Amino acid sequence: MELLVDMVSQPSRACAVLCRCAGLPVELRVVNILKGGTRAPEFLQKNPLGKVPCLVEAGRPGGHWSLPESCSILRYLCDRHGLDGWYPQDLERRARVDSALDWHHGTLRAGCAGVVFAHVIAKRRGLTVPPGGAAASEGRMVQALGQLEEFWLSHGEPFVAGPARPTIADLILSCEVQQLQLLDAAQDGTDMEAILRPYPRIRQWLGVIEAALAPHYADIHTILRKSAALRKKAGAASAGKGRL
3 MELLVDMVSQ
13 PSRACAVLCR
23 CAGLPVELRV
33 VNILKGGTRA
43 PEFLQKNPLG
53 KVPCLVEAGR
63 PGGHWSLPES
73 CSILRYLCDR
83 HGLDGWYPQD
93 LERRARVDSA
103 LDWHHGTLRA
113 GCAGVVFAHV
123 IAKRRGLTVP
133 PGGAAASEGR
143 MVQALGQLEE
153 FWLSHGEPFV
163 AGPARPTIAD
173 LILSCEVQQL
183 QLLDAAQDGT
193 DMEAILRPYP
203 RIRQWLGVIE
213 AALAPHYADI
223 HTILRKSAAL
233 RKKAGAASAG
243 KGRL
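The sequence shown begins at 3 in the numbering used here and counts up by one.
In structure tokens:
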């Protein structure tokens, strides 16, 4: 079984963290989105949707079996391998995990990914962001972060759906917030530190997750953090030239 991922992809990292932390027999195979990896014929044969992550299992009757969409992958791996701690059997806690997974895509992901796309990804690809697009994404991001702070993290427990350990809901939500590391104040007018300043619960939660899942969580985020550091270095150099 292999998991096709790009480690700069938020959902890819969430699935990769689960595989590493749970010691699953899944090979992580990197597909570079910016270099056209998800548009290659070989990839599209496995996932015609053209997105990562994608879970692929060879040796099935009729050829390979593949599963796209991160939240479905997370649920499937937990059910297949009996990872009850990650995806609780208790109906109320499982329902809270499912609720957070369903909430994520149109709220936190739409906001955070939209902001990063407008400021970072669009520039890298030479794309034009529609007028007002960045501001609209920022509005969705602020609203979603407020809901994460005041609803999902307001019940007195360290994690979204349990007091003892993170679940797949914590993975998908935290990896989304971590994407804000790519923002650089010099180039974008804001960065992750500034954005999260009003949200003490979110800041604490991110630290608790990384500590609870050490060293795998940090390892999976290495490429993202290197990319963020290179972008900040480039921004600082550009700002320095502007002052000459």
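C-beta: ideal position from N, C-alpha, C; glycine also.
In this text the structure is predicted, and so the values were computed from the model without any measurement.
Option in the options with minimal Cα separation from residue i
i	options	result
residue 8	214, 56, 48	56
residue 44	6, 30, 81	6
residue 37	123, 112, 207	123
residue 24	191, 85, 40	85
residue 196	140, 167, 53	140
residue 163	203, 52, 89, 240	89
residue 98	109, 26, 157	157
Where residue i sits in the DSSP three-state scheme
i	result
residue 216	coil
residue 71	coil
residue 157	coil
residue 65	strand
residue 187	helix
residue 36	coil
residue 58	strand
residue 7	strand
residue 109	helix
residue 166	coil
residue 86	coil
residue 42	coil
Host alpha helix (DSSP H) of residue i (start-end)
i	result
residue 144	135 to 149
residue 22	12 to 24
residue 198	194 to 198
residue 53	Residue 53 -> no alpha helix (DSSP H), and no H or E assigned at all.
Range of the contiguous beta strand (DSSP E) that encloses residue i
i	result
residue 29	29 to 32
residue 93	Element bounds for residue 93: not the beta strand (DSSP E) but the alpha helix (DSSP H), 93 to 106.
Proximal residues to residue i (C-beta, below 6 Å), its chain only, five neighbours per side dropped
i	result
residue 60	66
Residues near residue i by beta carbon distance below 8 Å, same chain, minus five either side
i	result
residue 220	212
residue 21	5, 28, 30, 79
Close beta carbons around residue i, own chain, < 7 Å, minus the five adjacent residues each side
i	result
residue 238	188
residue 73	103, 174
Exercise. Does the stretch 175 to 183 come within contact of the stretch 225 to 232, defined as at least 3 CB pairs closer than 8 Å?
Worked result: yes
Exercise. Any contact of the stretch 125 to 135 with the stretch 65 to 84, i.e. 3+ C-beta pairs under 8 Å?
Worked result: no
Problem set entry | Cβ contact check for the stretch 76 to 94 and the stretch 144 to 152: 3 or more pairs under 8 Å | no
Exercise. Counting pairs of beta carbons, one from the stretch 110 to 119 and one from the stretch 164 to 171, are three or more of them closer than 8 Å?
Worked result: no
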